[in-house]
């Protein structure tokens, strides 16, 4: 489950109860800014926040967000990061940490392979 999928799930649960974000914040005894971040898919809740959200909706925390996903999120690094190294104009370090289809992964690897071939030819 992605942050955006969790956000959609929270939104659907809120609509089902006739709540807005402020209502959920009160029911879960949490800050409205935190609720906004979760509903808008900007971040995952901490384990404590997950418990509070689940309780507000009358469900088990695992129904809201499975434990395996929570553990992965606790160890999470950004899904995609890109940095430009000093002294290497036009080059970048790229890190991807997310699940994609095998076809997409193969295309990414192919692009990197082609980029390496071009760089070798230019050297």
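Numbering (UniProt numbering), first residue to last: 1 to 123.
No residue lacks a Cβ here, since even glycine has one placed at the ideal position from N, Cα and C.
Being a predicted model, the structure only gives us computed values, none of them experimental.
About 15 Å separates the CB atoms of residue 42 and residue 9; that is not less than 8 Å, and the two are not in contact. Assigned with DSSP and collapsed to three states, residue 111 falls in helix. The Cβ atoms of residue 25 and residue 35 sit closer than 7 Å to each other. Residue environment for residue 121: exposed (fewer than 16 other C-beta atoms within 10 angstroms of its C-beta). Around the Cβ of residue 7, a 10 Å sphere holds 16 or more other Cβ atoms; the residue is buried.
Note on geometry: alpha-carbon atoms of residue 16 and residue 87 lie some 54 Å from one another. With contacts defined by Cβ atoms closer than 7 Å, residue 21 and residue 39 form a contacting pair. Sequence-distant Cβ neighbours of residue 51 in its own chain, meaning closer than 8 Å and more than five residues away, are 61. Nearest Cα to residue 89 within the set 119, 53 and 23: 119.
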